[in-house]
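Going letter by letter, the sequence shown gives residues 106 to 491 in this note's numbering.
Notes follow the structure.
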Amino acid sequence: MSAQRKKIAILGSTGSIGTQALEVIEEHSNRFEVEVLTSNSKADLLIEQAIKFKPNVVVINDEKQYQKVAEALWKFDIKTYCGKEALAQVVEMNDIDIVLTALVGYSGLLPTINAIKAKKTIALANKETLVVAGKLITSLAKEYGVNIYPVDSEHSAIFQCLSGEFHNPIEKIYLTASGGPFRGKKKSELISIKKEQALKHPNWNMGAKITIDSATLMNKGFEVIEAQWLFNLKPEQIEVIVHPQSIIHSIVQFTDGSMKAQMGLPDMKLPIQYALTYPNRFHSKSKRFNFLDYPELTFEKPDSETFVNLNLAYHAMKKGGNLACILNAANEIAVDAFLNDKINFLQIAEINEKCMNTIAFIEIPTYEDYVSTDYETRKFAQSLIH
Ligand code: MN3
């Protein structure tokens, strides 16, 4: 019965998105098979996944773990590679239909560029790729005729609302935000926040980096920039609305004033699956929404006085050039420092702002400019941390 199964490469298969993607693939093993799995450094989980899903190739980024992975997998006839270069090249393999990019941060940029050049469909979970180099990525996708399907839940919501509407102009989109664990708090209360508090997200269970980004509203700021590129919007067409229950995942407003929203319980497996099955919808066992469990859906204005990162992202989007690349690199260093108890919660945004004011602005960056901007920013951000 089975039509040809789609062959999937998962970059970052041992992270939160990657493991949930494998659950989706397992549920629909008659439709999908795994061609490539990669991990930064979680060798044991990668080995376990590879033995279960039998990909052709695995890549472990951390070279110190190569031996262990290769030894565990050779008898299953699974090829093992290591390092950044292997990660960037593996996406070019002939047999891959869809590349799911679930890497964390800037590391997703080069593999995504290569996957586009190899004409692979992209299921994009690594929003930083579009934040850093949205113009480059979207123009490459156009040039190579490649589709980029969003995995981020808000952007998947917009994408689902646009189904059957692609010829109709968008007036505005509303990205919903839970507000994170510190919604309603003021700066004076945030200065003493511990990382354990910041790592507890009220509605979504995610990796450490994105959870901190959610608490600082950096994640929502990045999503604004991501939406600009995915849906070809002007900055003033994108608004953020805080919706603490995370049931409405985002909203499109059309030129006749009509609004379409996509809703459901927060569960990343739905947007992951939709990106893999678009334009079709397959069955899912996920828990169904019950209106009576949520008699009230509420909305409020985001507090960008306290959560400065949201404003920094709007500023970066409006000014363009390499500014969002600077913001992303600064934020990666700052979040890492916060997770290692080297700076306090409010200093994350302070470091971001300082870098944006210091690193040289480039109006029309090339790929090499992004690489050097990223490098210079990390160095400067590091120098601000004691
Ligand atoms: Mn999101």
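Even for Gly, the Cβ is constructed at its ideal location relative to N, Cα and C.
Out of L142, A155, G284, the CA that lies nearest to the CA of N166 is found in L142. With contacts defined as CB atoms closer than 8 Å, Y379 and Q265 qualify as a contacting pair. Looking at the backbone, the Cα of Q302 and that of N324 are separated by about 17 Å.
In terms of CA proximity to A366, L280 leads the group L280, H420, N308. DSSP assignment within the segment 427-451 yields the following whole alpha helix (DSSP H) runs of 4 residues or more, N-terminal first: 428-444. Of the heavy atoms belonging to the ligand MN3, none sits nearer than 7 Å to the Cβ of S121. Each of R136, G188, G326 was checked against the Cα of A418, and the nearest Cα belongs to G326. Looking at the backbone, the Cα of E294 and that of P384 are separated by about 46 Å. Counting only the Cα atoms, E176 lies some 27 Å from F137.
Distance from the Cα of K111 is smallest, within the candidate group L151, I352, T226, for T226. CA-CA distance, G362 to E276, rounds to 8 Å.
Taking a C-beta distance under 8 Å as the contact criterion, I352 and L415 do not qualify as a contact pair. In the DSSP assignment, A282 falls within the beta strand (DSSP E) that extends over 275-282. What you get when you keep residues with a C-beta closer than 7 Å to any heavy atom of the ligand MN3 is D257, S258, E259, N324, E328. Between the segment 332-346 and the segment 240-254, the count of Cβ pairs shorter than 8 Å is three or higher; the stretches touch.
Considering only H348, I464, V129, the residue with the shortest C-alpha distance to F387 is V129. Between I448 and I298, the alpha-carbon positions lie close to 11 Å from each other. Remark: three or more beta-carbon pairs, one from each stretch, lie closer than 8 Å, so the segment 470-486 and the segment 421-430 are flagged as touching. Short of 6 Å from the beta carbon of P371, and not among the five residues preceding or following it, lie these beta carbons of its own chain, in chain order: N308, W309, S351.
Straight-line spacing of the CA atoms in H260 and S121 works out to 18 Å. For L245, the uninterrupted alpha helix (DSSP H) run begins and ends at 232-249, by DSSP. The C-alpha of E140 is placed about 20 Å away from the C-alpha of K374. DSSP lists I115, V163 as the bridge partner or partners of L142.
In this structure S268 is exposed. Its beta-carbon is surrounded by fewer than 16 other beta-carbon atoms within 10 angstroms. Secondary structure of P255 (DSSP, three-state): strand.
Taken through DSSP and simplified to helix, strand or coil, A193 comes out as helix. Each residue's CA atom was taken as its position, placing D182 and K173 some 15 Å apart.
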